Amino acid sequence: MPTMPRPRPESVRFVTTAPQAKAPAPPFGLQRWSDDGTATVVMLDASGGDLSGTAAIAAQVPDPGTFPRRTLVILLGEASRAGGAWRRLIRMNTAPVSRADRCSALLVRGYVEIGAGPDEASHDLVWGWSESPRAEAGPDRSA
C-alpha cells in the first residue's frame, strides 16, 4: 500500500484558541515560526474538557474554506492545558491527543489528502490540505 509523503513546508505559522498556550518548537525541523507561513500549525486547547472524541477536536479545527487553495494544516499531537505555575513547573501543561481522532476531525471538517506521522524531531503530527490539486483542474472533458 503506498504511503503519502510527509509534507515539507518552507514556513509555518502557529495558531491556537488556548490563551495560555506557549508555542512549542516548530515542526519539520524549522527554526522559527512565521506570521505569514505557507502552512498553519494548530495546537488544540484541552483546558475546556476532554479531547478524546472527534467532535470535540473538530470543533477547534479551522474551516478549510477560510484558507487559500492548497493550504497545509497540521494538528499537533499535544493540546494546551490550562494550569497554574505548578503544572508548568512539572511540565504537565499539555495533554496528548489521539492521532486517529485528529485525522477523523480533519476529515469531518472537509480536509483532503490527510496523513500522519512523526517529523524530524519525532513530533506526532497529523496534516491535511484545504483543497485537492485535482479540484483546481476542473472537470475532465476528455471523453
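Residue numbers (this note's numbering): 1 to 143. Heads up, the beta-carbon is just placed ideally off N, CA and C, and yes, glycines get one too. Note that this is a predicted model, so its numbers are computed, not measured.
So who's on the other strand from residue 127, going by DSSP bridges? Looking at the DSSP output, residue 127 sits in a beta bridge with 74 and 115.
Is it the case that the Cβ atoms of residue 21 and residue 80 are separated by a distance below 8 Å? yes
Which residues in the same chain have their Cβ closer than 8 Å to the Cβ of residue 12, if we skip the five residues on either side of it in sequence? 26, 27, 28, 30, 33, 34, 37, 38, 39, 40, 41 and 74
Whose C-alpha, out of 126, 103, 112 and 129, is nearest the C-alpha of residue 55? Closest option to residue 55, Cα to Cα, is 103.
Reducing DSSP to helix, strand and coil, say where residue 104 ends up. Note: residue 104 maps to helix in three-state DSSP.
Same chain, Cβ closer than 7 Å to residue 82, five either side skipped, listed in chain order: Closer than 7 Å at the Cβ level, and outside the excluded window around residue 82, lie 20 and 47.
Rounded C-alpha distance that separates residue 107 from residue 114: 7 Å
Kindly indicate which three-state DSSP category residue 21 falls into: helix, strand or coil? coil
Quick one: using the 10 Å Cβ neighbour count with 16 as the cut-off for buried, is residue 9 buried or exposed? buried
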